Amino acid sequence: MPALPQHLLTCPVCALALQDVGRTLACERGHRFDAACQGYVNLLTGRGSPFEGDTSGMVEAREAFLDSGHYEPLRRSVVAAALRDAEAPAVALDAGAGTGYYLEALAAAVPGLFPVALDLSKIALRRAARRLPGGVSIVWDVWRPLPLADASVGVLLNVFAPRNPGEFVRVLAPGGRLVVVTPRPGHLAGLEEVGPLLSVPAQKADDVLAAFAGALVETGREDLDYTMSLPRDLARSALVMGPAARHQGPGGTTTPPGQAAPLEVAARFTVQVLARPGHAGRRAGCTAVPGDGTGG
Ligand SMILES: C[S@@+](CC[C@H](N)C(=O)[O-])C[C@H]1O[C@@H](n2cnc3c(N)ncnc32)[C@H](O)[C@@H]1O
Ligand SMILES: [Zn+2]
Numbered sequence: 007m008p009a010l011p012q013h014l015l016t017c018p019v020c021a022l023a024l025q026d027v028g029r030t031l032a033c034e035r036g037h038r039f040d041a042a043c044q045g046y047v048n049l050l051t052g053r054g055s056p057f058e059g060d061t062s063g064m065v066e067a068r069e070a071f072l073d074s075g076h077y078e079p080l081r082r083s084v085v086a087a088a089l090r091d092a093e094a095p096a097v098a099l100d101a102g103a104g105t106g107y108y109l110e111a112l113a114a115a116v117p118g119l120f121p122v123a124l125d126l127s128k129i130a131l132r133r134a135a136r137r138l139p140g141g142v143s144i145v146w147d148v149w150r151p152l153p154l155a156d157a158s159v160g161v162l163l164n165v166f167a168p169r170n171p172g173e174f175v176r177v178l179a180p181g182g183r184l185v186v187v188t189p190r191p192g193h194l195a196g197l198e199e200v201g202p203l204l205s206v207p208a209q210k211a212d213d214v215l216a217a218f219a220g221a222l223v224e225t226g227r228e229d230l231d232y233t234m235s236l237p238r239d240l241a242r243s244a245l246v247m248g249p250a251a252r253h254q255g256p257g258g259t260t261t262p263p264g265q266a267a268p269l270e271v272a273a274r275f276t277v278q279v280l281a282r283p284g285h286a287g288r289r290a291g292c293t294a295v296p297g298d299g300t301g302g
């Protein structure tokens, strides 16, 4: 495990600081959390989480799709939004990081950045740990108090993943920024031939803003639209990697890959930046809201 910044992670049992002791995170009271051989650390204690992270099928589909480069324009946009007109952050957290695709690019753009990937899915975090050798990948449920110190995070990424506004605000440093990606109506239009899509509400970005009202101010909002030409196997991955897969029975397309024309599929995102005002001590009590059940 790479050098962990002092006072960044907190013990999920007693809230004291976690220190990096070889391949183990430990607090002064003796609570210890060993890194799995795949590189992530599971901090979920006791009852764990009632929620489910992405399954291996979803993670494999996501990795195949992201590797194809079709979300590269989005990744560039996320990194630009995180760094535009800002000092280089020392710590970046990705809440619902999945395989660490976006955080990896941010870490590559900021020398010395310490990346923290949080996700409920161990399968996804195995990949994130590989992508983020200079950081830490933690199994955690974003609906629980985050195992990070107050005001410890310079950039917080949240890409098609659940949001916990109260906790996001607490861990953001004054002047820190939250980058949120949400899908817009029409996202993935063109995939209907492969399987049913979930509809995307029109006002997601406004809902995000409302959830952080009084605590964070919106400093940027950009719509990103383009068309992807997807061979059938990637079109299937685009469907399986997202929440629509949970609402789908087995089956789907029966066309063998390579035997049909590529599908023209819409990518429609909003990339939003919300900043914590630059003076310490201001924190609003927000209630948790459900994150994205759609998109990705
Ligand atoms: C649509 S995927 C997006 C992953 C990644 N941000 C990306 O875009 O590649 C949503 C992610 O949120 C994770 N997730 C869902 N519920 C969660 C929770 N309560 N706490 C932490 N992660 C959660 C899933 O395991 C999954 O990796
Ligand atoms: Zn402890």
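Numbering of the sequence shown is given in my numbering, commencing with residue 7 and proceeding in unit increments. No residue lacks a Cβ here, since even glycine has one placed at the ideal position from N, Cα and C. All figures in this text were calculated on a predicted structure; none of them were measured in a lab.
Check, Outcome
"G36 CB to nearest heavy atom of ligand 2 below 8 Å", "yes"
"9 Å Cβ cutoff met for F39 and A101", "no"
"Ordered list of alpha helix (DSSP H) runs contained in the segment 48-117, each at least 4 residues", "62-73, 78-89, 107-115"
"Coil, strand or helix - L10 by DSSP", "coil"
"Pair within 9 Å by beta-carbon distance, D156 and I144", "no"
"Enclosing alpha helix (DSSP H) for R136 [first to last residue]", "128-137"
"Distance between beta carbons of R132 and G45, contact taken as under 8 Å", "7 Å"
"Coarse secondary structure for L24, derived from DSSP in three states", "coil"
"Per-residue burial, T233 [other beta carbons within 10 Å of its own, 16 or more giving buried]", "exposed"
"Closer than 8 Å: L49 CB and nearest ligand 3 heavy atom", "The model on display carries ligand 1 and ligand 2 but not ligand 3."
"The beta strand (DSSP E) enclosing D40, as first and last residue numbers", "38-40"
"Between the CA atoms of P95 and V116 - distance to the nearest angstrom", "8 Å"
"Close Cβ partners of F120 (< 6 Å) along its chain, the five nearest in sequence each way excluded", "P11, V97, G141"
"DSSP-derived helix/strand/coil call for F275", "strand"
"First through last residue of the alpha helix (DSSP H) which encompasses L119", "Premise fails: L119 is in no alpha helix (DSSP H) and is neither H nor E."
"In DSSP terms, what A281 is bridged to", "R183, V223"
"CA-to-CA distance, M64 to A216, given in whole angstroms", "30 Å"
"Burial state of A87, where buried means 16 or more other Cβ atoms lie within 10 Å", "buried"
"Local Cβ density within 10 Å of G220, reported as buried at 16 or more and exposed below that", "exposed"
"Ligand 2 heavy atom lying under 8 Å from the CB of L22", "yes"
"Assigned secondary structure, E173 (DSSP; H/G/I helix, E/B strand, else coil)", "helix"
"Nearest to P249 (by Cα), restricted to the options G201, E224, D213", "G201"
"Contact under 9 Å by Cβ, R227 with A130", "no"
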